[in-house]
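Protein chains: 2
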Amino acid sequence: MGPTSTPSASPLPDALLAHARPVVVRAGEVVFRRGTAAAAVYRVRTGAVRLLRHGRDGEEIVLHEARRGDFFAEASLDATRYHCDAIAAAAGELDRIPAEPLRRLLRTDPDFARAWAALLARQLRATRARLERLSLRTASERVRHLLSTDGVGPACEIRLHGPLKDLARELGLTQESLYRTLARMAAEGVLERGEGVLRFRR
Amino acid sequence: MGPTSTPSASPLPDALLAHARPVVVRAGEVVFRRGTAAAAVYRVRTGAVRLLRHGRDGEEIVLHEARRGDFFAEASLDATRYHCDAIAAAAGELDRIPAEPLRRLLRTDPDFARAWAALLARQLRATRARLERLSLRTASERVRHLLSTDGVGPACEIRLHGPLKDLARELGLTQESLYRTLARMAAEGVLERGEGVLRFRR
DNA sequence: CGTCGCATTGATATCGCTCAAATCCGGTGG
DNA sequence: CCACCGGATTTGAGCGATATCAATGCGACG
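Residue numbers (numbering that gives the first Met the number 0), protein chains in the order written: chain S, 0 to 201; chain Y, 0 to 201.
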């Protein structure tokens, strides 16, 4: 989710770091499955992890993509089971933080509790922004919205972290539609495409 | 958002109640506007409040609907400005809880901080469920998903809180599409419609 | 050099949107 | 009591945007 990533994620308190255990994952590896006991929260050191669900015909729906520095499964801290699958999108290393010490820390460290609430609130805002995006009816509106909300700088520049295919799915489109839409917007002079970059022109 | 509503929202601690001020709203009244300073969090006593944004052509996008017992603008507690409009969907009464005492309480009351984090996490899960729903391509899949995730009981019963028109927008559909889809699903024997109720058959 | 995944373009199908109109309903006022 | 009204509901017809299916180019990698 691009700039959704907490840019300067609050450093883990020492008390938490003491409990974190590194987990090395290969691309495609399962971190946890939906329905299993929610025993830990994770943080991405390197690589990327996707939270996903599956439609009835088996197609994947990406709920969230966590990148370097991002926590994931934070929303499962007070749930008994994970509500989606977590799959490594790329090889990397994670911090695995068991739920119990984290809960304890939330009880005992007010500053951490506040930072944690802020983290969740940020996630919520980002997810609502995505929700708003999917409520838009046309492909070009969704692209515009993506740049407007997640882009940086005057031209609302977006760095693509993966293939356009993935972006298409995040926008609720097929790759073909996205290609055509980007091409049309570029032809209209609204958009500019660079190496792994999208930005507004004008 | 129906069952998204915190069913047994944690009772407000006395320390917080002391700071809450009642606000009476008429239907359609503006509670706050996007861009204004985020000075308070709210809780619905009676009535309902919608958080919404506007597309480029002015159409409304409902990000959230808070009902009796629900907080809203919780995600703005650590933001400087509101990121959407809040409009009363029905006449009612709200508790207005200034941000500062709430932040103080988060720092000083570990139990409350934990309950607050749980609240945000619940919101996040609910919003992701809605995101997943909007990722589905067909109208009938979205209806199915709504019943599956928000429905109660073996038949996944859903109580409608407003006109079908509103439900349609929550599902990212037009009223006409929704009517037709419900009619078709009912004809196929998948769905059953009652007075303000939707449920699965079979 | 062959293969695989991504990118790109074309042709067609399909689903939901738009515009339009008829019905139903509760409320309101004559 | 009845006519009227506005909003919600429902159904119809046609269109348009995206999905789907198909084919090709291209670059990385083994």
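For glycine and all other residues, C-beta sits at the position ideal for the given N, C-alpha and C.
As the structure is a computational prediction, the values presented were derived from the model and not from experiment.
Asked	Found
Determine, using beta-carbon pairs with one atom in the segment 141-148 of chain S and one in the segment 129-148 of chain Y, whether at least three such pairs fall under 8 Å.	no
So does Thr173(S) have its beta carbon nearer than 8 Å to some heavy atom of the ligand SAM?	As presented, the structure is devoid of all ligands, the ligand SAM included, so that no description of it is given.
In angstroms with no decimal places, state the Cα-to-Cα distance between Ala36(Y) and Ala98(Y).	11 Å
Apart from the five residues just before and just after His18(Y), which ones in its own chain have a Cβ nearer than 8 Å to its Cβ?	Ile96, Pro97, Pro100 and Leu101
Over the uninterrupted alpha helix (DSSP H) stretch that includes His53(Y), give me the two end residues.	No alpha helix (DSSP H) contains His53(Y), which is instead part of the beta strand (DSSP E) from Ala39 to His53.
If you check the beta carbons only, do Asp49(S) and Ala85(S) fall under 9 Å apart?	Strictly speaking, residue 49(S) in this sequence is Arg, with Asp absent from that position. Yes, they are a contact pair.
What does a CB cutoff of less than 8 Å around Arg80(Y) pick up in its chain, not counting 5 residues either side in sequence?	Arg33, Gly34, Thr35, Ala36 and Ala37
Taking Ala186(S) and Arg192(S) to be in contact with their CB atoms under 8 Å, please state how far apart those CB atoms are, rounded to whole angstroms.	Not a contact, Cβ separation roughly 11 Å.
Determine the chain S residues that contact His82(Y) at a beta-carbon separation under 9 Å, and present them in chain order.	Arg124, Arg127 and Ala128
In or out: His63(Y) buried (at least 16 other Cβ within 10 Å) or exposed?	buried
Can you tell me whether DSSP reads Arg93(Y) as helix, strand or coil?	Going by the sequence as given, residue 93(Y) is Leu instead of Arg. Leu93(Y): strand per DSSP, three-state reduction.
Assuming Leu93(S) contacts Arg25(S) under a Cβ cut-off of 8 Å, what Cβ separation, rounded to an integer in Å, is found between them?	Contact doesn't hold; Cβ gap of about 12 Å is too wide.
Starting from Val142(S) and walking both ways along the alpha helix (DSSP H), at which residues does that stretch end?	Ala138 to Asp149
Does the Cβ of Leu190(S) have 16 or more other Cβ atoms within 10 Å, making it buried, or fewer, making it exposed?	buried
For Pro21(S), which beta-bridge partners are listed by DSSP?	Asp94(S)
With burial defined as no fewer than 16 other Cβ atoms inside 10 Å of the residue's Cβ, what is the status of Glu169(Y): buried or exposed?	buried
If you pair each beta-carbon of the segment 119-136 of chain S with each one of the segment 120-130 of chain Y, do three or more pairs fall below 8 Å?	yes
Would Ser134(S) pass as an interface residue toward chain Y - the criterion being a Cβ-Cβ separation below 9 Å?	yes
Could you confirm whether any beta carbon from chain S is found closer than 9 Å to the beta carbon of Ile96(Y)?	no
Mind checking which residues open and close the beta strand (DSSP E) that includes Arg32(Y)?	That residue, Arg32(Y), is in no beta strand (DSSP E); it is neither H nor E in DSSP.
Beta carbon of Ala128(Y), beta carbon of Thr180(Y): below 9 Å?	no
So is Ala182(Y) buried or exposed if we call it buried at 16+ other beta carbons inside 10 Å?	exposed
Return the first residue and the last residue of the alpha helix (DSSP H) that Arg179(Y) is part of.	Gln174 to Ala186
Please list the partners that Ile60(S) has in chain Y, where partner means a Cβ-to-Cβ separation under 9 Å.	Leu130, Glu131, Ser134 and Leu135
If you follow the beta strand (DSSP E) that Arg198(Y) is part of, which residue opens it and which one closes it?	Val196 to Phe199
Need the endpoints of the alpha helix (DSSP H) that Ala167(Y) sits in, please.	Leu163 to Glu169
Counting C-beta neighbours from all protein chains within 10 Å, is the total for Arg201(S) 16 or more, i.e. buried, or is it exposed?	exposed
Buried or exposed: where does Met0(S) fall if 16 or more other Cβ atoms within 10 Å of its Cβ makes it buried?	Per-residue confidence for Met0(S) stands at a pLDDT of 41, beneath the threshold of 50, marking its modelled position as unreliable; the derived number appears in the next sentence. It counts as buried.
On the three-state DSSP scale, how would you describe Glu64(Y)?	strand
Could you tell me whether the Cβ of Arg106(Y) comes closer than 9 Å to any Cβ of chain S?	yes
Which residues of chain Y have a Cβ atom closer than 7 Å to the Cβ of Arg52(S), listed in chain order?	Glu131
Between Arg55(Y), Thr173(Y), Val196(Y) and Ala87(Y), which lies nearest to Ile157(Y) when the distance is taken from Cα to Cα?	Val196(Y)
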